[in-house]
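Participant: Note that the sequence shown covers residues 14 to 508 in this note's numbering.
Heads up, the beta-carbon is just placed ideally off N, CA and C, and yes, glycines get one too.
Got a structure for you, written out below as structure tokens; questions coming shortly.
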Amino acid sequence: MLHTLSIAQLRQQLHNKEVTATEVAQHFLKRIHAHADLNAFITVDESATLAQAAAADAALQSGQAGALAGIPLAHKDVFVTTDFITTAGSKILTGYKSPFTATAIAKLGAAGAVCVGKANMDEFAMGSSNENSFYGAVKNPWNTKMVPGGSSGGSATAVAAGLCLGATGTDTGGSIRQPASFTGITGIKPTYGRVSRYGMIAYGSSLDQGGPMARTAEDCALLLTEMAGFDAKDSTSIERDDENFSRLLNQPFSPDATESQPLKGLKIGVPAEFYGEGLDAEVKAATLTAIEQFVKLGAVVVDVNLPKTELSIPTYYVIAPAEASSNLSRFDGVRYGHRATTYTDLEDMYRKTRAEGFGWEVQRRILIGTYVLSHGYYDAYYLQAQRLRRMIAQDYQNALAQCDVIMGPVAPTTAWALGDKTSDPVQMYLADIYTLSLNLAGLPGMSVPCGFDGQGLPIGLQIIGNYFDEARLLQLAHAFQQHTDWHQHKPALAG
């Protein structure tokens with residue numbers, strides 16, 4: 014069955030002409046319709062998908078195919094595209110079709126990838142459960158009464174349920190890693206500036222970063238190789254040589270490594286702050302057992318400290334809303350998207366359009382951001398948060414001076430029930446305690462499946478590296494997946 018293959022396996026079949034890109038696209042479109050109740054997609058356009066598949070088939074026949082020719086991907090609906098409507102999960106962008114395609118999506122398209130649809134998401138990427146979408150909540154395929162995590166919950170569910178083989182996501186405070194953990198797939202947030210933000214609708218400009226989600230680290234490496242790269246159109250893009258992120262897969266970690274201990278010499282930092290009060294016992298046990306597996310492969314554990322971990326939550330929820338209040342000011346009903354039908358003057362049109370078009374969580378964050386940037390509060394809140402941000406980044410550098418990578422849980426718990434935390438936004442915010450600090454520091458991190466709780470819900474291990482260490486993180490995750498089978502477990506509907 015095509016949906017049970019990895020990207021690497023399907024790529025081989027396509028190049029061997031055992032199957033065509035059009036047949037692949039039709040298979041996944043059929044699955045998307047069959048599992049529409051998961052609400053993983055906002056927009057599906059069969060004609061656009063099949064046109065891309067036909068182009069991939071032509072490239073495969075001519076021998077000019079790109080690295081991802083015919084591979085079915087879902088794109089988070091925060092990336093603008095010319096051939097699919099882009100909504101960012103919001104009413105205010107109803108029916109919007111961009112005149113250009115986001116650079117990251119264009120790069121994947123140039124490699125031959127086929128888009129099967131735009132994935133559902135928390136409105137403007139604001140949320141940890143994918144319940145804030147104007148288009149309704151996404152369901153977790155392991156238990157449809159549970160959340161899939163957010164804000165890239167549609168992308169995560171689509172991959173976990175076998176509705177595509179890979180997906181794009183964005184991570185502002187954990188929105189790739191947390192839904193990957195909740196749905197039992199692999200996801201990587203690259204170093205800030207690795208993947209172009211051009212055409213990625215902004216939430217927090219200094220925090221947002223795009224990245225891939227797939228079943229395996231090997232597949233994420235294939236996707237990231239095509240997504241990443243310098244983009245002159247993005248002022249936050251970092252000018253570095255292109256990398257092959259698969260280059261370290263199956264390579265020994267050090268010259269001293271052996272066949273039985275391929276990771277000999279690896280130092281893993283385990284921060285005490287990630288294992289304190291509030292961490293679920295089953296999540297703790299699964300992540301510590303995963304770290305023990307790395308030790309069996311030759312690694313050693315080093316105790317490290319990240320003393321300002323708890324401060325990452327208030328720091329993030331000052332900086333991110335401040336940036337959001339500025340970024341979302343462009344959605345006013347004048348140029349595109351939703352506009353109020355009745356109004357008295359321009360100011361009234363702005364007010365009514367934004368009140369009708371934005372959901373409650375977006376309105377809440379705009380108000381918080383505007384408040385902390387206002388006269389008399391800027392120094393007390395925003396400036397102080399920026400100082401703490403620098404300290405949090407320094408904590409990571411101090412810790413990484415003692416080790417090669419840091420490992421710990423992605424979230425304090427597994428997925429919770431739909432509706433459980435919607436009435437208490439603070440509880441929702443606390444779910445991001447282990448992921449927010451990476452975005453504040455701009456570091457790369459990833460989630461790798463490492464177990465299940467007593468309810469059969471997935472648990473993810475977070476692996477954190479230093480700047481531009483993505484290839485190393487993927488090497489370690491791949492080595493772990495070569496010796497465990499957590500990433501091979503699938504929900505019943507994906508079998």
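At the level of alpha carbons, what is the spacing between Ile189 and Leu237?
Facilitator: Distance between the alpha carbons of Ile189 and Leu237 is about 13 Å.
Participant: May I ask you to report which of helix, strand or coil DSSP gives Cys233?
Facilitator: DSSP places Cys233 in helix when its eight states are reduced to three.
Participant: Over the uninterrupted alpha helix (DSSP H) stretch that includes His28, give me the two end residues.
Facilitator: Taken as a continuous stretch (DSSP letters only), the alpha helix (DSSP H) holding His28 covers Ile20 to His28.
Participant: What would DSSP say about His351, mapped onto helix, strand or coil?
Facilitator: His351 falls in the coil class under three-state DSSP.
Participant: Alpha carbons only, please: which of Tyr356, Asp361, Thr366 and Thr322 is nearest the one belonging to Leu341?
Facilitator: Here the closest residue by C-alpha is Thr366.
Participant: For the beta strand (DSSP E) holding Ile98, just list the boundary residues, first then last.
Facilitator: Neither: Ile98 is in no beta strand (DSSP E) and is coded neither H nor E.
Participant: Within this structure, are the beta carbons of Ile326 and Leu443 separated by less than 8 Å?
Facilitator: Their beta carbons are under 8 Å apart, which means Ile326 touches Leu443 by this criterion.
Participant: Expressed to the nearest angstrom, what Euclidean distance is found between the alpha-carbon atoms of Ala414 and Asn318?
Facilitator: Straight-line Cα distance between these residues: approximately 11 Å.
Participant: Tell me which residues share the same chain as Ser338 and place their Cβ nearer than 6 Å to its Cβ, disregarding the 5 neighbours each side in the sequence.
Facilitator: Excluding positions up to five away in sequence, the list reads Ile379, Gly382 and Thr383.
Participant: So what's Pro284 in DSSP terms, helix, strand or just coil?
Facilitator: Three-state DSSP puts Pro284 in a strand.
Participant: Excluding five sequence neighbours on each side, which residues of the same chain lie with their C-beta closer than 8 Å to the C-beta of Leu292?
Facilitator: Closer than 8 Å at Cβ, skipping near neighbours: Pro422 and Pro425.
Participant: Note down, in chain order, each residue of its chain lying with its Cβ closer than 6 Å to the Cβ of Ala115, except the 5 sequence neighbours on either side.
Facilitator: Answer for Ala115: Phe92, Val93, Gly212 and Met213, listed in chain order.
Participant: Taking the straight line between their C-alpha atoms, what separation do you get for Ile98 and Gly108?
Facilitator: Cα to Cα, the separation comes out at about 6 Å.
Participant: For Asp254, does the count of other Cβ atoms within 10 angstroms reach 16, so buried, or fall short, so exposed?
Facilitator: With fewer than 16 other Cβ atoms within 10 Å, it is exposed.
Participant: Have a look at the DSSP bridge pairing and note the partners of Ile55.
Facilitator: Note: Ile55 sits in no beta bridge, so no partner.
Participant: Locate the beta strand (DSSP E) running through Gly130, then write down its first and last residues.
Facilitator: Its beta strand (DSSP E) spans residues Val127 to Ala132.
Participant: Just how far apart, CA to CA, sit Asp244 and Gln488?
Facilitator: Rounded to whole angstroms, Asp244 to Gln488 spans 26 Å at the Cα level.
Participant: Run through DSSP, which three-state label would Leu81 get?
Facilitator: Coil, per DSSP.
Participant: What separation, rounded to the nearest whole angstrom, lies between the Cα atoms of Leu174 and Leu506?
Facilitator: Checking the sequence, you will find Ala at residue 174 rather than Leu. Going from the Cα of Ala174 to the Cα of Leu506 covers about 6 Å.
Participant: The alpha helix (DSSP H) that contains Ile405, what's its start and end?
Facilitator: Where Ile405 is concerned, the enclosing alpha helix (DSSP H) stretches over Gln397 to Leu413.
Participant: Just how far apart, CA to CA, sit Glu369 and Arg402?
Facilitator: The alpha-carbon atoms of Glu369 and Arg402 are separated by roughly 34 Å.
Participant: Measure the beta-carbon distance from Ala428 to Phe195 and round it to whole angstroms, keeping in mind my assumption that it falls under 8 Å.
Facilitator: The pair is a contact, with the Cβ atoms about 4 Å apart (cut-off 8 Å).
Participant: Go ahead and pull the three-state DSSP assignment for Asp316.
Facilitator: It is a strand residue.
Participant: Of all the options Pro275, Glu286, Tyr148 and Gln65, which has the alpha carbon lying nearest to the alpha carbon of Ala490?
Facilitator: That would be Pro275, whose Cα lies nearest to the Cα of Ala490.
Participant: Who are the Cβ neighbours of Thr95 in its own chain at under 8 Å, not counting the five residues just before and after it?
Facilitator: If we look at Thr95 and ignore the five residues flanking it on each side, its Cβ neighbours are Lys110, Ser111, Pro112, Phe113 and Thr114.
Participant: I think Phe54 touches Ala132, with their Cβ atoms under 8 Å apart; what is that distance to the nearest whole Å?
Facilitator: About 6 Å; that satisfies the 8 Å criterion.
Participant: Scan the segment 250 to 311 and note each continuous alpha helix (DSSP H) run of 4 residues or more that stays entirely inside, going in chain order.
Facilitator: Taking only runs of at least 4 residues, the alpha helix (DSSP H) segments lying wholly in the segment 250 to 311 are 294 to 309.
Participant: Sort out for me which residues DSSP pairs Asn156 with in a bridge.
Facilitator: Note: Asn156 sits in a beta bridge opposite Asn153.
Participant: Over the uninterrupted alpha helix (DSSP H) stretch that includes Thr170, give me the two end residues.
Facilitator: Per DSSP, Thr170 belongs to the alpha helix (DSSP H) from Gly166 to Ala173.
Participant: So what does DSSP say about Gly382, is it helix, strand or coil?
Facilitator: Reduced to three states, the DSSP call for Gly382 is helix.
Participant: Got a sec, what are the start and stop residues for the beta strand (DSSP E) Pro161 sits in?
Facilitator: Per DSSP, Pro161 belongs to no beta strand (DSSP E) and is neither H nor E.
Participant: Which whole-angstrom value is the C-beta distance of Met226 and Val172, which I expect to be below 8 Å?
Facilitator: Sure, about 6 Å apart at Cβ, within 8 Å.
Participant: Between which two residues does the alpha helix (DSSP H) harbouring Leu506 extend?
Facilitator: Taken as a continuous stretch (DSSP letters only), Leu506 belongs to no alpha helix (DSSP H), as it is neither H nor E.
Participant: With respect to the alpha helix (DSSP H) encompassing Ile476, which residues constitute its N-terminal and C-terminal limits?
Facilitator: Not the alpha helix (DSSP H): Ile476 falls in the beta strand (DSSP E), residues Pro471 to Ile477.
Participant: Evaluate contact between the segment 58 to 73 and the segment 151 to 161, counting only Cβ atoms and requiring at least three cross-stretch pairs below 8 Å.
Facilitator: Cβ pair count under 8 Å is below three, so no.
Participant: Using only CA atoms, which one of Thr435, Gly464, Tyr480 and Gly163 lies nearest to Pro457?
Facilitator: For Pro457, the nearest C-alpha among the options comes from Tyr480.
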